[in-house]
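Going from the sequence shown to this note's numbering is simple: count from 1 and add 1.
Ideal Cβ placement from N, Cα and C applies to all residues, glycine included.
Written out below as structure tokens is the structure these notes cover.
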Amino acid sequence: MLRARGLSVKRGDRQVVHGVDLEVRRGEVVVLLGPNGAGKSTLLAALAGLIAPSGGDVEADGRVAAALQAPALARRSVVANLEIALSWWGVPRDQRRARAAAALARLGAEHLAERHAATLSGGEARRVHLARALSVDAAVLLLDEPFAGLDAATRADLLYDAASVLRDPGRAVLVIVHDRAEAWALGDRVGVLLDGRIEALGPPGEVLERPTTRRVAEFVGFTGYVEDGAGVRLARPVDVELDQGGDLHGRVIRRIPVEDGIRVEVELEHGRLVTVTTPPGPDPGTNVRLRLTGGVRFDRGQPAAAWTTSSASEPSPPPSG
2 MLRARGLSVK RGDRQVVHGV DLEVRRGEVV VLLGPNGAGK STLLAALAGL IAPSGGDVEA
62 DGRVAAALQA PALARRSVVA NLEIALSWWG VPRDQRRARA AAALARLGAE HLAERHAATL
122 SGGEARRVHL ARALSVDAAV LLLDEPFAGL DAATRADLLY DAASVLRDPG RAVLVIVHDR
182 AEAWALGDRV GVLLDGRIEA LGPPGEVLER PTTRRVAEFV GFTGYVEDGA GVRLARPVDV
242 ELDQGGDLHG RVIRRIPVED GIRVEVELEH GRLVTVTTPP GPDPGTNVRL RLTGGVRFDR
302 GQPAAAWTTS SASEPSPPPS G
């Protein structure tokens with residue numbers, strides 16, 4: 002439904018998006034993750050036709066609707082905001098009210114229909130913004146961080162509702178998000194955009210659990226590392242346990258209370274690992290032993306940006322050379 006080939010975009014003299022190839026299929030939700038400044042919003046704007054590419058091309062089967070980050074609701078009632086969008090879309094006047102009401106109901110926002118937009122909370126405005134985008138029934142729907150700026154509970158409620166309504170067998174959806182949990186909940190495929198290039202694209206389990214480059218692994222949460230002569234093993238906090246019988250040892254350098262326990266950072270002779278344990282946790286300066294229960298290994302046979310990865314349980318190959 003949506004295809005980009007060699008898509009490049011400049012902002013002034015700066016190249017922001019570099020040669021992106023991307024397809025979004027009918028009935029599919031593709032999620033793009035990336036750090037601030039990676040070019041996500043610029044890419045979406047180019048896909049929507051809002052800014053001209055400096056290279057490559059974009060093709061869409063059917064009409065494209067884009068909902069940008071800011072809700073930007075008009076100073077009218079909620080239902081009037083949806084009706085305005087439907088009028089721009091060319092929907093006949095006698096169909097607009099029913100279409101608007103149906104879209105609000107799909108997102109559990111029908112009770113907001115007669116509210117003035119200025120009275121909405123941040124979460125309510127986001128919900129209306131998404132309902133407005135859904136109401137036009139586009140062939141391709143592009144959403145730029147639809148959950149941005151919300152507290153955890155409000156974000157979770159809207160995320161779960163969106164996950165159930167975005168997927169449609171006749172529509173292709175591309176969503177930019179900032180959080181891995183959002184990617185898991187929404188995406189049939191997940192892409193990682195780094196420095197204006199898509200460095201990974203595939204099912205969430207592959208991209209988020211078994212990343213194939215070190216740059217992608219570090220971005221999706223594999224922030225701990227242990228080096229040896231053959232390469233490096235990266236690990237998330239969930240992959241690391243404090244264990245008196247563990248085969249790794251180090252010194253606690255930081256202890257931070259978090260929602261689900263105590264985050265403990267440990268410096269090793271050849272690395273640094275992070276884990277979460279039950280309170281009170283070891284004090285900074287304490288020597289501890291650790292066990293790795295998961296992670297992903299990258300071997301030095303290729304340049305760092307393309308190191309090969311193997312299962313965490315496989316033995317390390319001998320160093321090259």
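query	result
Cα-Cα separation between Leu243 and Pro204, rounded to whole angstroms	31 Å
Sequence-distant residues of its chain with Cβ nearer than 8 Å to Arg12 (five each side left out)	Thr43
Inter-residue spacing [alpha-carbon to alpha-carbon] between Arg4 and Ile257	45 Å
7 Å Cβ shell around Arg64 - same chain, five flanking residues per side excluded	Ala139, Ala140
Any C-beta of chain D under 7 Å from that of Pro54	As a matter of chain content, chain D is missing from the structure shown, which is built from one protein chain.
Those residues which DSSP pairs with Glu200 across a bridge	Answer is none; Glu200 lacks a bridge partner.
Distance between Val217 and Arg15 (C-alpha atoms, nearest Å)	23 Å
Rounded straight-line distance, which links the Cα of Trp90 to that of Gly7	29 Å
Three-state secondary structure (DSSP) of Ile85	helix
Beta-carbon separation (whole angstroms), Leu33 vs Leu175, contact threshold 8 Å	7 Å
Any non-hydrogen atom of the ligand GTP closer than 6 Å to Pro285 Cβ	Of the ligands one can find in the structure shown there are none, so the ligand GTP has no counterpart to examine.
As assigned by DSSP and simplified to three states, the class of Ala110	coil
The segment 178-188 contacting the segment 145-165, beta-carbon criterion three pairs below 8 Å	yes
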